[in-house]
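Read the structure below first, then the notes.
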Amino acid sequence: MEELFQKQNNIGEDDNLLLYWQGLIYFKEERFNFALRYLKKITPDFSHYKDVLYLQWILNLNMPGHFESKSVVNQIKLLGDKINWNLINFFNEIYFYEREVFFKFDNLVAKLKFYNRALHFLGYLIEYGTSKAIIIMLEIIDNLKFERSDRDIGLLFNIHGYWEKGL
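Written out as C-alpha cells, the structure reads:
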C-alpha cells in the first residue's frame with residue numbers, strides 16, 4: 036500500500052481513490068485520527084463508499100473517546116442490522132440530498148431501537164462530525180418525539196464537553 040501511495044501519480048485523477056488509500060495506510064499504521072480525516076473527505080459517489088462507511092465505524096471503535104458514547108449496539112451495525120442501515124439511509128437522504136424523510140414503525144420496540152441508534156450516532160457526530168450533521172441528527176431525534184430525548188441529548192453534549200449546549 037505504501038508503494039501505491041508513493042506512486043500516487045499512477046492512481047490517476049480520482050481524488051476519492053487517493054483519499055481511500057491514504058486512509059487505509061494511516062489505519063494500518065494505527066494513526067486513527069488521520070485515517071478518519073481522510074476517509075471522511077471521500078464523497079458518496081465513490082464506488083467503494085460502503086466500505087468507507089464500515090472503515091469509519093471500525094475506526095470509531097478503535098479511537099480513544101468517552102466510553103459512555105460508545106455502545107455494544109455498534110457491533111450489531113457491523114453485521115448489517117436492518118434498523119441501523121435504515122437510519123444511515125435516512126440520514127444520507129437528508130444530508131446529501133436534502134430530502135424530507137418520514138418515519139413509520141411497526142411497533143414501539145422498533146421505534147425505541149431506532150431512537151437508541153440515533154442517539155448512538157449523535158454521540159459519534161458530536162465527537163467527530165460537522166455541525167450540519169449534528170443538526171440533522173438532532174432533527175431526526177426530535178421527529179421521533181420521545182419525552183426523554185432532551186435529557187438524553189443533554190447528557191451526550193455534556194459527555195463530550197459541550198456544557199453550554201448540554202443545558
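Heads up: the sequence shown begins at 36 in the working numbering, then just goes up one per residue.
For each residue, glycine too, the CB sits at the ideal point set by N, CA and C.
Output the distance between the C-alpha atoms of Glu174 and Leu160, rounded to the nearest integer angstrom.
About 13 Å.
Kindly list the residues whose CB is nearer than 8 Å to the CB of Asn169, restricted to its own chain and excluding five residues on each side of it in sequence; keep chain order.
Per the sequence presented here, residue 169 reads as Ile, with Asn not at that position. Once the five neighbours on either side are set aside, the close Cβ partners of Ile169 are Leu157, Leu160 and Ile161.
For Tyr73, collect the residues of the same chain with a Cβ closer than 7 Å to its Cβ; drop the 5 residues on either side in sequence, then sort them by chain order.
Excluding residues within five positions, the ones whose Cβ falls inside 7 Å are Leu54, Gln57, Gly58 and Tyr61.
Might you give, ordered along the chain, the residues of its own chain that have their beta carbon closer than 8 Å to the beta carbon of Phe81, omitting 5 neighbours on each side?
These residues qualify, in order along the chain: Asn51, Leu52, Tyr55 and Val87.
When you compare each of Lys75, Ile176 and Asn68 to Phe126 by their alpha carbons, which one comes out closest?
Comparing Cα positions, the closest option is Ile176.
So is Tyr252 buried or exposed if we call it buried at 16+ other beta carbons inside 10 Å?
The requested residue 252 is not part of the displayed model; the chain covers only 36 to 202.
Whose C-beta lies closer than 7 Å to the C-beta of Phe69 among residues of the same chain, with five residues either side of it excluded?
Closer than 7 Å at Cβ, skipping near neighbours: Tyr61.
Thinking Ile77 and Ile129 are a contact (beta carbons under 8 Å), I'd like their distance in whole angstroms, please.
About 19 Å separates the two Cβ atoms, so there is no contact after all.
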